[in-house]
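To start, the structure under review is shown below, and the notes come after it.
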Amino acid sequence: MTDKLRKALSVAILTLTVAGLVCFVTAVVGQESNKSTGTGFIVDPNGYLLTCHHVVEDSGKVEVAIGGKTYEATVLASDEKRDLALLEVKAKGLTPLPLANSNQVEVGQEVRAFGFPISSLLGANVKVTRGTVSGIETKEAQKVFQIDAPVNPGNSGGPLVNEQGEVVAVVNAKLAGSVVSNVGFAVPINYAKTTLHDNGVEFATAGSKEKLDGPALVKRVSPSVVLITVTPKGAAREGEAPAEPRTPVTPPPPSRAEDMKKAQADAYAELKKKGVASPPGMVLVPAGEFETEDGSKVSLNAFWIDKTEVTNAEFQKFVKATGHPREGKAPAAPGSAVSAAAASPSPDEPVTNVTWADAAAYAKWAGKRVPSEAEWEKAARGTDRRVYPWGNDFDAAKANGDGQADGFKGASPSGTFKDGFSPWGALDMSGNVWEWCSNDFSRSVGDSSRDYKGLSKVIRGGSFASSEKGLRCGQRAALLPNLSLNELGFRCVKDEPNLAAVPGPTSPVPATTEWEGVLKFKGEAAELKCTPKFEQVTFQTSLGTLTLKKEYIQSLAPNEVQLLGGSVLKGKLQDATLPVLWSLGERQIAAAEVERYQRAIEPPVVSVGVTKDGVVVPPGFGAQLTLKDESIVVGDLQEKELRMRLVGVGETSIPTEKVVQLVAEGNRLLTVLKDGNTVQGELLGDYHLILLEGNLTLTGGERLASLSFVHRGVSGLISRINPKDGAWMVWIPTEGKTAAQGFWMYKYEVTNAQYRKFIEANPEWQSGGAKAKQLADSDYLKHLRGDDKEYASTDDKCPVAWVSWHAAKAYAEWAGCQLPTHDQWEWAARGGLTGKKYVWGDEWPPPKGAGNFADQTAKKKWNWSVIEGYDDGYAGTAPVGSFSTNGYGLHDMAGNVWEWVSEQGQLRGGSFGSYGPDVIAVSYRFCGIPQFCYGCYGFRCLRTQ
-17 MTDKLRKALS
-7 VAILTLTVAG
3 LVCFVTAVVG
13 QESNKSTGTG
23 FIVDPNGYLL
33 TCHHVVEDSG
43 KVEVAIGGKT
53 YEATVLASDE
63 KRDLALLEVK
73 AKGLTPLPLA
83 NSNQVEVGQE
93 VRAFGFPISS
103 LLGANVKVTR
113 GTVSGIETKE
123 AQKVFQIDAP
133 VNPGNSGGPL
143 VNEQGEVVAV
153 VNAKLAGSVV
163 SNVGFAVPIN
173 YAKTTLHDNG
183 VEFATAGSKE
193 KLDGPALVKR
203 VSPSVVLITV
213 TPKGAAREGE
223 APAEPRTPVT
233 PPPPSRAEDM
243 KKAQADAYAE
253 LKKKGVASPP
263 GMVLVPAGEF
273 ETEDGSKVSL
283 NAFWIDKTEV
293 TNAEFQKFVK
303 ATGHPREGKA
313 PAAPGSAVSA
323 AAASPSPDEP
333 VTNVTWADAA
343 AYAKWAGKRV
353 PSEAEWEKAA
363 RGTDRRVYPW
373 GNDFDAAKAN
383 GDGQADGFKG
393 ASPSGTFKDG
403 FSPWGALDMS
413 GNVWEWCSND
423 FSRSVGDSSR
433 DYKGLSKVIR
443 GGSFASSEKG
453 LRCGQRAALL
463 PNLSLNELGF
473 RCVKDEPNLA
483 AVPGPTSPVP
493 ATTEWEGVLK
503 FKGEAAELKC
513 TPKFEQVTFQ
523 TSLGTLTLKK
533 EYIQSLAPNE
543 VQLLGGSVLK
553 GKLQDATLPV
563 LWSLGERQIA
573 AAEVERYQRA
583 IEPPVVSVGV
593 TKDGVVVPPG
603 FGAQLTLKDE
613 SIVVGDLQEK
623 ELRMRLVGVG
633 ETSIPTEKVV
643 QLVAEGNRLL
653 TVLKDGNTVQ
663 GELLGDYHLI
673 LLEGNLTLTG
683 GERLASLSFV
693 HRGVSGLISR
703 INPKDGAWMV
713 WIPTEGKTAA
723 QGFWMYKYEV
733 TNAQYRKFIE
743 ANPEWQSGGA
753 KAKQLADSDY
763 LKHLRGDDKE
773 YASTDDKCPV
783 AWVSWHAAKA
793 YAEWAGCQLP
803 THDQWEWAAR
813 GGLTGKKYVW
823 GDEWPPPKGA
833 GNFADQTAKK
843 KWNWSVIEGY
853 DDGYAGTAPV
863 GSFSTNGYGL
873 HDMAGNVWEW
883 VSEQGQLRGG
893 SFGSYGPDVI
903 AVSYRFCGIP
913 QFCYGCYGFR
923 CLRTQ
């Protein structure tokens, strides 16, 4: 290693070194050694420690250095999928690290990685690097943390700790070469807890809540981190010939900078011969194929692109010339530096707060157009798949991003960062402001190149508020076209017809057809995989008629439609026929023959903005109405007050911000206020609801069964459909956080119908199946096999019961979800009523309709102890959604069935058999046995993305 490289590495890595800090396990193999090394850490004082599977994979001998001594280790368990391994050494009295709850880790949280990067090249002492969790990804139903703390070969298996010294994840990045990289990955520690549980290993779960500075953190963690040396199977022992060296990892693709320069120069020369001048302020992108971030190969004809983003001065000329009524408006955020800049923008800064229509109108006036996503990406990165416009290494001096010493709090004048040019000479393709693209947002650039139809438009490039991750050329985000942001602008492109077009198709052709949905006919068991060819349908509801684009539709039946925004409307489909495309061509389907059309792929992305790391923030709605015809309407209630005629009070107005919910009780509405009071009366007047899919009007309260409010001012879709099991999910905002830091909670407990889908797909989990036997689960699915005639109903709409914690966890993973933690469950259950004892407030006994508890019906049937004076009409389980919602629109967060949470063997919420005031309290925790099944044990799931 050269002194120059050693110096660079020393600068990049924070060298807080303490002997014996981390269990060292890396994958460094050279000509002088047939051994590899890595990092691990102690989790139990009796000699148990964790590392990565790939560190000890195919190991012949594993040695661990702890406190100056070397121990031979045994691999007790190794999980290849999650890249985790549990080791044991014969040593006692070791100091373990406490394990945090990784479900509580948030994007932007500060962390430190401990390990031995690049083996002994930096010495035998442990190194500590500092950074943040820059992203939380879910791949194949498994969560992964992306971190920007420098991690390299040698960090694998080391602990990633929070500011309290608790382990939040196990670093598992495997990078090629001895190069410091500010991007890595880590396995959330909760996955490791499962391995520890399964092997009977105890571990500490709570460290000090005191935040520690760097030296104090190193001092606390250091006794628990050790060095691991691995001799692979078949490796040469001392005196033997060395084993063949490992095959090197394929290096990153080489730069094509010179090829791109030549291609552009040749194109300019050809245009000059033809007497074609360059459009002012634009650069030429030659024709040809390139590979996008997601691996799609796209061929594009030559085009021109603006060298810089469109400025305020340029946009103002357009407005004056055309009288264009600008749609975008600056957000009201008085006092902020950004809002001040938006109020009096510099003429040279990029125009912002423009909608997609504003951008398209300007482009048309200028004789140009908004670029496609593929055009934008090729203009930004060229043809060599570089990470940033200037190359593969991040350079803060070449872009206006978040937290950089660039001298700009907001946008900078267009073209300021002249060293950040793309291969074709375009500036500010990373940072400054996000930029509109012409395509509707799809799952990949390849899809968007095939005229994909969705609800949101693509935005690219990051902004002055974006982190290093958000400034990558491949970063994608989405925004509803009628919205605007103070960090969003655009640039234009123009076709160049005087250069030869590329041969063949100019957009990628899919190798296989992916059908958008499944059509089921009345009385038929077979299902038809198809793609709707209708652009919209007309649906009559009790509150009016809606014209619905097909992109809004989750499922459609002649008398019901489920919508992307969370609404489920009863009524009548007005269209007589539905055209669909299937494998044998297009067909007109008589609507009267249809039982249901169900979307099979992920719904279109709908967003209102992006975080600094490019995370999509969905739009928010304020209210959810349940009508007496069982329709569910999710929308933004425009009126800020409810006009009511109250018993004993008369006509009065109640601000909606003070209302939790309204529930029909006979001819009156029971109104629950946030201060705990309840009033009764009639709802007067008209109330206008803006849905994602259209507008409806509620007149009075005659059709209303209930109305619930969620937190206003928080960006979050009330509901969406989980495509795997069709579950409705409600967005739960986290207090004091952005909407992107909340989570999606199942609106209802998992039903029998949903669980049947799971066991059909996973027969090993059927009653008496291999998994139930292997885990010794007792009385598994007793009600579904017909052995429970009393407690748990087999009705499709009732919650599944008689499931173990193991089965609930397996279902959640199959559905692409997870079980909620105690904290997540309780936060969601409170529904915004902080400090209250029950889901509905402090009132005892529960108000009518509060939930399914041990009641008079159960007393008559079984002579149980019950809540005196309370009757919900059900002795056992009730259909989900039979009772009122909480403030977040969730049903049955108290009663019906106990709900398993992610902490092993733990349950929350009470059931149809609960009657004690403390047991039904929202804070009550019940400790069960993971293998134990009972007629009142069920669950619900959540997703963090």
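Read in order, the letters of the sequence shown are residues -17 to 927 in our numbering. By construction, the Cβ of each residue, glycine as well, lies at the ideal position given by its N, Cα and C atoms.
In this structure, DSSP gives V576 an extended state, which the three-state scheme calls strand. For D26, the enclosing beta strand (DSSP E) starts and ends at S18 to D26. Under DSSP, the beta-bridge partners assigned to K476 are W286. Taking C-beta atoms as the reference points, V150 and G140 fail to come closer than 9 Å. DSSP links D61 through a beta bridge to L66. With respect to the 9 Å criterion, W338 and L461 are classified as neighbours on the basis of their beta carbons. At the C-beta level, D26 and P78 come within 9 Å of one another. For M875, the secondary structure class from DSSP, reduced to helix, strand or coil, is coil. Of all alpha-carbon atoms in D61, I171 and K451, the one lying nearest the alpha-carbon of V369 is that of K451. Per DSSP, reduced to three states, the secondary structure at Y737 is helical. Distance from the CA atom of G676 to the CA atom of A605, rounded to whole angstroms, is 15 Å.
With a threshold of 16 other beta carbon atoms within 10 Å, A507 falls short and is exposed. Nearest to G471 by alpha-carbon distance, out of N335, Y852 and D770, is N335. Looking at the backbone, the Cα of D900 and that of A574 are separated by about 52 Å. In the three-state scheme derived from DSSP, where H, G and I count as helix and E and B as strand, T638 is classed as helix. Residue state for P827 is assigned as coil, using DSSP reduced to three classes. In chain order, D770 and W784 place their CB closer than 6 Å to the CB of K764, counting only its own chain and leaving out the 5 sequence neighbours on each side.
Annotation note: the region 164 to 219 contains the following uninterrupted alpha helix (DSSP H) runs of length 4 or greater, listed N- to C-terminal: 171 to 180 and 196 to 203.
Beta-bridge partners assigned by DSSP to M626: T634 and L665. Under a 10 Å Cβ-count criterion, N541 is classified as exposed, with fewer than 16 other Cβ atoms of the shown protein chains found around its own Cβ. In the DSSP annotation of this structure, the continuous segment of the beta strand (DSSP E) that includes M264 starts and ends at M264 to V267.
Per DSSP, R890 is one residue of the beta strand (DSSP E) stretching across Q888 to R890.
Judged by DSSP secondary structure, L437 falls outside any alpha helix (DSSP H); it is assigned neither H nor E. Taking the CA atoms as reference points, S420 sits about 50 Å from G658. Under the criterion of beta carbons closer than 8 Å, G683 and L665 qualify as touching, at roughly 3 Å.
From the listed residues L551, T290 and A482, the smallest Cα separation to G443 is found for T290. The continuous alpha helix (DSSP H) containing D340 extends over residues W338 to W347. Close CB contacts of H788 within its chain, under the 8 Å cut and outside five residues either way in sequence, are with K753, L757, D759, P912 and Q913 (chain order). Rounded to the nearest whole angstrom, the C-alpha separation of E88 and I118 is 8 Å. CA-CA distance, D854 to L655, rounds to 22 Å. In summary, A482 is exposed, with fewer than 16 beta-carbon neighbours lying within 10 Å of its beta-carbon over all protein chains present.
The three-state secondary structure of T304, taken from DSSP, is helix.
It is roughly 11 Å from the alpha-carbon of V782 to the alpha-carbon of Y793. Look at the beta carbons and you see the region 885 to 899 not touching the region 626 to 641: under three pairs across the two are nearer than 8 Å. When secondary structure is reduced to three states using DSSP, H765 falls in the coil class, being assigned neither helix nor strand. The region 508 to 524 and the region 294 to 309 do not touch, with fewer than 3 CB-CB distances between them shorter than 8 Å.
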